[in-house]
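Data first, discussion second: the structure below is written as structure tokens.
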Amino acid sequence: MRQSAVRWWLVMGWPVLTVMWLWGCGGDPLGPLAQTSPQVAEARKLVDALARGDWDAVAARLDASMHAADLPGDLPGDLPEKLRQMAAFFPKGAPTRVRVVGFDQSRVSMVGGTTTDNCMIMFEFNYSDANVLAQVVFQRVDAGEWRTIGLHANPVPTPLEVFNAFTLRGKGPVHYLFLLIMLAVAAVTVAATVVWVQRYRSIRRRWWWLLGILVGTFKITLNWTTGGLMVQALTVQVLSLGFWRPGIDGPLSLVFSIPAGAIVFLLVQRQARMKARAPFQSEHAE
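Under the working numbering, read the sequence shown as residues 21 to 306, first letter to last.
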């Protein structure tokens, strides 16, 4: 009875498990720290000062290392041309919407050495005729004060939810081929799972075969916005399919792995079925 229930869930629950897995691959867009981190408020003040062209406020919040690297002197009037170029991306007037679209916090601890914390915050500023992404990077060493070590701003043609939307409009052959391959991977995995359930009692090393069916190798990722491909050879992936999207409305990445175990299983079962039919066909011919 228990084995029958397991097999029933493998067939009937496979689509549900796949949807849950794919949804889980997307993850929490920002995480709870983005709502409570004081660095978010500090980063917003810095970007607002940049948008206003308030060089005094910008210079006051930049770390001394940035001054030493980029500025001829410590006077606000000597701010580099790069800051002026970034400020030019922001139109005059108040934005129609500002939101945090990216937040990442990491820690690197050296054995017997220092511990470095890094915090990256990305904002989206929407105006009636422009859209700007601004990124601020903070760093602290050994739980000291947070220092601003990075400030970047770039224009984007449309709001992120439009720019990175999952749509077929304007997509090329690579995007369509990738979707077809993902459908084929899903079909092969489902077919192998169904065959495994149907021939459960006659399969040797059945649980090893099931593991091979549900795991794919050789991970291939497509950035849906740019069309860029990335290949990771020495990787395995459960259910052979997935997706992920960094931050809020970041570029969607679709992922599939080669279902080698499922393919080999179907071929082995096909050969076994042909061998089983051979004596019957021979007797029938006589």
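Ideal Cβ positions, reconstructed from N, Cα and C, are used throughout, including at glycine.
Item                                                                                                                                                       : Value
Going by Cα to Cα distance, which pick from N138, T255 and A154 is closest to S57?                                                                         : N138
Would you mind stating whether N151 and P271 have Cβ atoms separated by less than 7 Å?                                                                     : no
Within 10 angstroms of its Cβ, does P193 collect 16 or more other Cβ (buried), or is it exposed?                                                           : exposed
Given P179, which residues of its chain have a CB within under 6 Å of its CB, disregarding the five upstream and five downstream residues?                 : N146 and N151
Determine the closest residue to M202 out of S273, T136 and P266, with distance taken between C-alpha atoms.                                               : S273
Rounded to the nearest angstrom, how far is the Cβ of F285 from that of I233, given a contact under 8 Å?                                                   : 6 Å
Below 7 Å between beta carbons: does that hold for T237 and I278?                                                                                          : yes
Please classify A80 as buried or exposed, where buried requires at least 16 other C-beta atoms within 10 Å of its C-beta.                                  : exposed
Taking Cβ to Cβ, would you say R189 is nearer than 7 Å to D83?                                                                                             : no
According to the neighbour-count rule (16 or more other Cβ atoms, all chains shown, within 10 Å of its Cβ), is P115 buried or exposed?                     : buried
Closer than 6 Å by C-beta to G122: which residues in its own chain qualify, once you throw out the five before and the five after it? Chain order, please. : M142 and G267
Return the residue from the list K239, G248 and W227 that minimises the CA-CA distance to S260.                                                            : K239
Report buried or exposed for W227, applying the criterion of at least 16 other Cβ atoms within 10 angstroms of its Cβ.                                     : exposed
Ends of the alpha helix (DSSP H) at A69?                                                                                                                   : P58 to R72
Strictly by DSSP, which residues pair up with F123?                                                                                                        : I141
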